[in-house]
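Before any comments, here is the structure.
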Amino acid sequence: AQSVTQPDIHITVSEGASLELRCNYSYGATPYLFWYVQSPGQGLQLLLKYFSGDTLVQGIKGFEAEFKRSQSSFNLRKPSVHWSDAAEYFCAVGPFSGGYNKLIFGAGTRLAVHP
Amino acid sequence: DAEITQSPRHKITETGRQVTLACHQTWNHNNMFWYRQDLGHGLRLIHYSYGVQDTNKGEVSDGYSVSRSNTEDLPLTLESAASSQTSVYFCASRADENTEAFFGQGTRLTVV
Numbered sequence: 231a232q233s234v235t236q237p238d239i240h241i242t243v244s245e246g247a248s249l250e251l252r253c254n255y256s257y258g259a260t261p262y263l264f265w266y267v268q269s270p271g272q273g274l275q276l277l278l279k280y281f282s283g284d285t286l287v288q289g290i291k292g293f294e295a296e297f298k299r300s301q302s303s304f305n306l307r308k309p310s311v312h313w314s315d316a317a318e319y320f321c322a323v324g325p326f327s328g329g330y331n332k333l334i335f336g337a338g339t340r341l342a343v344h345p
Numbered sequence: 005d006a007e008i009t010q011s012p013r014h015k016i017t018e019t020g021r022q023v024t025l026a027c028h029q030t031w032n033h034n035n036m037f038w039y040r041q042d043l044g045h046g047l048r049l050i051h052y053s054y055g056v057q058d059t060n061k062g063e064v065s066d067g068y069s070v071s072r073s074n075t076e077d078l079p080l081t082l083e084s085a086a087s088s089q090t091s092v093y094f095c096a097s098r099a100d101e102n103t104e105a106f107f108g109q110g111t112r113l114t115v116v
């Protein structure tokens, strides 16, 4: 069965430090990959997505992610974190065989930013 | 601007009652989804629909139902609310597999 793993439940970084959030997926083919961010009390906002082509994708708010097929990973990075980046981050994959285009989400990583 | 709205934003109900959460999107997307969000589980898919009159069960569909009578709406019904259904519920829509999903603001449901 398809699955998404985000190994880190909580991460704390200092403002200005670099950030990497991990995401691993289990799927028989190259999936479509997404990172979403959820601010407290809000819905989910798309940060970036990978469908094909260049494996390093740029997103909003200075985020980027790299697809590594050999590692089944799609890690999210940011070179310098801002206090406003404190939020919960979700990795998602889709679609799947059979033509379905539902998204399957990881459990999320909650990011705290120290001043 | 096109959007997706959920109502109500907050709901408290009693065990055993039937509850319906509304989801309305104005993008004219065929694909609509309901997720529940619980600590440690992320978002889990409850039901989804690929178009009018189409509904499908997700990974946590027990105790829930949906109907799709038009493109814009996918209401989620809890037939007999249970305390285990206390959660935050998100509705999403998506044009097709090559596009992102757009999410509503969520409905916080408490079953007492």
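The listed protein sequences derive, respectively, from chains A and B. Count along the first sequence from 1, add 230, and you get the number used in our numbering. Count along the second sequence from 1, add 4, and you get the number used in our numbering. The beta-carbon is built from N, C-alpha and C at its ideal position, and this holds for glycine as well.
From which residue to which residue does the beta strand (DSSP E) around residue i run?
i	result
Val64 of chain B	No beta strand (DSSP E) holds Val64 of chain B; DSSP gives it neither H nor E.
Phe106 of chain B	Ala105 to Phe107
Phe264 of chain A	Tyr262 to Gln268
Val116 of chain B	From DSSP, Val116 of chain B is part of no beta strand (DSSP E); its letter is neither H nor E.
Gln272 of chain A	First-last for Gln272 of chain A: undefined, no H or E at that position.
Do residue j and residue i have their beta-carbon atoms positioned less than 7 Å apart in this structure?
i	j	result
Gln276 of chain A	Val287 of chain A	Here the sequence assigns Leu to residue 276 of chain A, which means Gln is not the residue at that position. No, these two residues do not count as a Cβ contact at 7 Å.
Tyr52 of chain B	Lys332 of chain A	yes
Arg72 of chain B	Val56 of chain B	yes
Ala342 of chain A	Ala316 of chain A	yes
Ala85 of chain B	Arg21 of chain B	yes
Gln89 of chain B	Val115 of chain B	yes
Phe264 of chain A	Ala322 of chain A	yes
Thr285 of chain A	Glu296 of chain A	yes
Phe335 of chain A	Cys253 of chain A	no
Val234 of chain A	Tyr255 of chain A	yes
Which partner residues does residue i have in the DSSP bridge list?
i	result
Ala247 of chain A	Its beta-bridge partners do not exist; DSSP assigns none.
Val323 of chain A	A:Leu263 and A:Ile334
Tyr255 of chain A	A:Val234
Ala342 of chain A	A:Thr242
Leu278 of chain A	A:Trp265
What are the uninterrupted segments assigned as beta strand (DSSP E) that are 3 or more residues long and contained completely in the segment 286-321 of chain A, given in chain order?
-> 286-288, 294-298 and 303-308
Does the segment 77-89 of chain B come close enough to the segment 99-106 of chain B to have 3 or more Cβ pairs within less than 8 Å?
-> no
If we count Cβ pairs, one from each stretch, closer than 8 Å, do we get three or more for the segment 14-32 of chain B versus the segment 90-99 of chain B?
-> yes
Counting only runs of 3+ residues fully inside the segment 14-101 of chain B, write out the beta strand (DSSP E) ranges in chain order.
-> 14-17, 23-29, 35-42, 46-55, 58-61, 68-70, 80-82 and 91-98
Cβ pair count under 8 Å reaching 3, the segment 8-24 of chain B against the segment 52-68 of chain B = no
May I ask you to verify whether the segment 310-319 of chain A touches the segment 249-266 of chain A, counting CB pairs closer than 8 Å and requiring at least 3?
-> yes
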